[in-house]
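Have a look at the structure below, then the notes.
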Ligand SMILES: C[S@@+](CC[C@H](N)C(=O)[O-])C[C@H]1O[C@@H](n2cnc3c(N)ncnc32)[C@H](O)[C@@H]1O
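Residue numbers (the numbering used here): 49 to 335.
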């Protein structure tokens with residue numbers, strides 16, 4: 049077994065190697081189905097490749113992220129600290145830092161639907177409607193399956209909007225200031241023009257609306273210049289392998305600066321080691 053520091057530093061190479069193994073079958077499938085539009089378009093090929101890769105790797109990533117994401121969406125995370133697991137009964141009566149995700153929700157970049165099961169009464173009882181804003185149509189069949197498996201297909205409770213957030217206004221599917229909560233889990237690394245699109249997303253929140261964030265970000269100053277340099281070097285190739293995912297985004301700072309918030313509780317995830325190449329931020333911003 050590798051020592052933890054070395055394993056963590058090498059982890060991105062392992063991840064990219066797994067991604068690479070999904071490229072030949074993606075090309076082969078396109079060839080066999082005569083899908084020349086995908087073969088001839090680098091962006092379509094990248095989307096199809098990522099869809100195939102994430103269908104396999106997404107559930108593994110979820111295993112590590114779930115202990116953070118579930119309490120976050122339940123409103124139990126504050127100052128970057130995730131409370132220990134608790135049953136509904138044992139947590140009754142305790143004050144929560146934030147309300148749970150509720151009402152009308154935008155899930156940005158749901159991908160293969162790894163988190164759709166959380167938008168059910170078992171986890172979040174007061175959700176009326178979820179819009180999943182997902183431009184990668186190659187991943188929609190899996191997302192649709194997850195929506196049905198969670199029982200969210202009845203009355204269109206979970207609706208896929210097949211555009212990127214930059215085209216959400218044109219789609220006319222969601223009105224400005226009509227949304228109670230935005231959920232972004234590991235997706236702001238992949239959107240185009242992040243600062244502009246974060247400001248646009250803010251416009252969809254009602255006053256008092258909340259944005260729940262769990263994202264990997266650029267290495268923190270405290271991790272040292274060596275880690276920042278190492279991450280910057282990795283990022284020269286990483287986005288080509290992982291569907292355009294950028295490692296070095298200052299997402300926390302950009303979100304805070306995106307618009308005037310009434311409350312910001314967004315911090316580095318407590319307990320992450322200095323040698324993590326993909327450190328996280330976690331928390332809730334309130335409009
Ligand atoms: C790393 S995946 C994460 C998927 C999912 N949130 C999860 O945790 O499994 C990033 C997702 O962001 C989506 N994405 C990329 N560009 C986007 C955009 N412009 N608007 C919305 N989502 C986008 C990708 O298609 C992809 O599904």
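A virtual CB, placed ideally from N, CA and C, is assigned to each residue, including glycine. Everything numeric in this text was worked out from a predicted model, so none of it was measured.
Under the criterion of a Cβ to heavy atom distance below 8 Å, does residue 239 qualify as lining ligand 1? Taking the first residue of the chain shown as position 1, residue 239 is located at position 191. Correct: residue 239 has its Cβ closer than 8 Å to ligand 1.
Residue 180 versus residue 159 - alpha carbon distance: Sequence index remark: in the chain shown, residue 180 carries index 132 (1-based). Sequence index remark: in the chain shown, residue 159 carries index 111 (1-based). Per the coordinates, the alpha-carbon of residue 180 lies some 9 Å from the alpha-carbon of residue 159.
Candidates 326, 212, 53 and 81: closest to residue 246 by CA position: In the chain shown, the residue the question calls residue 246 occupies position 198. Minimum Cα distance to residue 246 is reached at 212.
Cut-off 8 Å between Cβ atoms - residues of its own chain near residue 282, not counting five sequence neighbours on either side: Walking along the chain shown from the start, residue 282 turns up at place 234. Excluding sequence positions up to five before and after residue 282, its CB lies within less than 8 Å of the CB of 60, 295 and 325, all in the same chain and listed in chain order.
Any heavy atom of ligand 1 closer than 8 Å to the CB of residue 119? Reading the chain shown from its first residue, position 71 is the one you call residue 119. No, the Cβ of residue 119 stays beyond 8 Å of every heavy atom of ligand 1.
Looking only at C-alpha atoms, which of 202, 218 and 248 sits nearest to residue 168? Within the chain shown, the letter at position 120 stands for residue 168. Looking from the CA of residue 168, the closest CA among 202, 218 and 248 belongs to 202.
For residue 127, which option in 113, 230, 145 and 176 has the closest C-alpha, if you only look at C-alpha atoms? Here the question's residue 127 lines up with position 79 in the chain shown. Residue 145 is the option with its Cα nearest to residue 127.
If you run the structure through DSSP and keep just helix, strand and coil, what is residue 273? As a first step, residue 273 must be located in the chain shown, where it is residue number 225. The answer is helix: DSSP assigns residue 273 an H, G or I state.
In whole angstroms, what is the alpha-carbon distance linking residue 196 and residue 162? By one-based count along the chain shown, residue 196 stands at place 148. By one-based count along the chain shown, residue 162 stands at place 114. For residue 196 and residue 162, the gap between their C-alpha atoms comes out near 13 Å.
Could you tell me the distance, in whole angstroms, from the CA atom of residue 284 to the CA atom of residue 68? Position 236 of the chain shown holds residue 284. Position 20 of the chain shown holds residue 68. Computed Cα separation, rounded: 16 Å.
Under the criterion of a Cβ to heavy atom distance below 8 Å, does residue 158 qualify as lining ligand 1? Taking the first residue of the chain shown as position 1, residue 158 is located at position 110. Yes, the beta carbon of residue 158 sits closer than 8 Å to at least one heavy atom of ligand 1.
Can you give me the C-alpha to C-alpha distance between residue 345 and residue 154, rounded to a whole angstrom? Within the shown structure, residues of the chain are numbered from 49 to 335, placing residue 345 beyond reach of any answer.
According to DSSP, what are the bridge partners of residue 126? Here the question's residue 126 lines up with position 78 in the chain shown. In DSSP, residue 126 forms a bridge with 129.
For residue 292, write down the residues that DSSP places opposite it in a beta bridge. Taking the chain shown and counting its residues from 1, the one referred to as residue 292 is at position 244. None, per the DSSP bridge assignment.
Taking the alpha carbon of residue 125 as the reference point, which residue from 313, 334 and 323 has its own alpha carbon closest? Working through the chain shown from its first residue, we reach residue 125 at position 77. For the residues 313, 334 and 323, the minimum Cα distance to residue 125 belongs to 313.
Opening and closing residue of the alpha helix (DSSP H) in which residue 69 lies: Counted from its first residue, the chain shown places residue 69 at position 21. Run containing residue 69: 52–69, per the alpha helix (DSSP H) assignment.
Segment limits, beta strand (DSSP E) that includes residue 233: Counted from its first residue, the chain shown places residue 233 at position 185. Judged by DSSP secondary structure, residue 233 falls within the beta strand (DSSP E) whose first and last residues are 227–233.
By Cβ distance, which residues of its chain are closer than 6 Å to residue 186, with the 5 residues on each side in sequence left out? Walking along the chain shown from the start, residue 186 turns up at place 138. So the list reads 95, 96 and 99, once near-sequence residues are dropped.
Please say whether residue 315 and residue 262 have beta carbons closer to each other than 9 Å? By 1-based counting over the chain shown, the position of residue 262 is 214. By 1-based counting over the chain shown, the position of residue 315 is 267. Not a contact, by the Cβ cut-off of 9 Å.
With residue 315 as the anchor, note down where its beta strand (DSSP E) starts and where it stops. Along the chain shown, one-based indexing puts residue 315 at 267. Residue 315 -> beta strand (DSSP E) spans 311–316.
In whole angstroms, what separates the C-alpha of residue 104 from that of residue 150? Start at 1 with the first residue of the chain shown, and residue 104 comes out as number 56. Start at 1 with the first residue of the chain shown, and residue 150 comes out as number 102. Their Cα atoms are separated by approximately 29 Å.
Please determine, among 71, 244 and 57, the residue with the shortest C-alpha to C-alpha distance to residue 288. Locating residue 288 in the chain shown gives position 240, where the first residue counts as 1. Nearest option by C-alpha distance: 71.
Using DSSP with H/G/I as helix, E/B as strand and the rest coil, what is residue 252? Here residue 252 refers to the residue found at position 204 of the chain shown. DSSP, reduced to helix, strand and coil, places residue 252 outside both helices and strands of the structure shown, so it counts as coil.
Does the beta-carbon of residue 183, which I'm using as the reference point, lie nearer than 8 Å to any heavy atom of ligand 1? Residue mapping note: residue 183 aligns to position 135 of the chain shown, counting from 1. It does: the Cβ of residue 183 is within 8 Å (strictly closer) of some heavy atom of ligand 1.
When the Cα atoms are used, what is the spatial distance from residue 239 to residue 304? By 1-based counting over the chain shown, the position of residue 239 is 191. By 1-based counting over the chain shown, the position of residue 304 is 256. When rounded, the distance between both Cα atoms is 17 Å.
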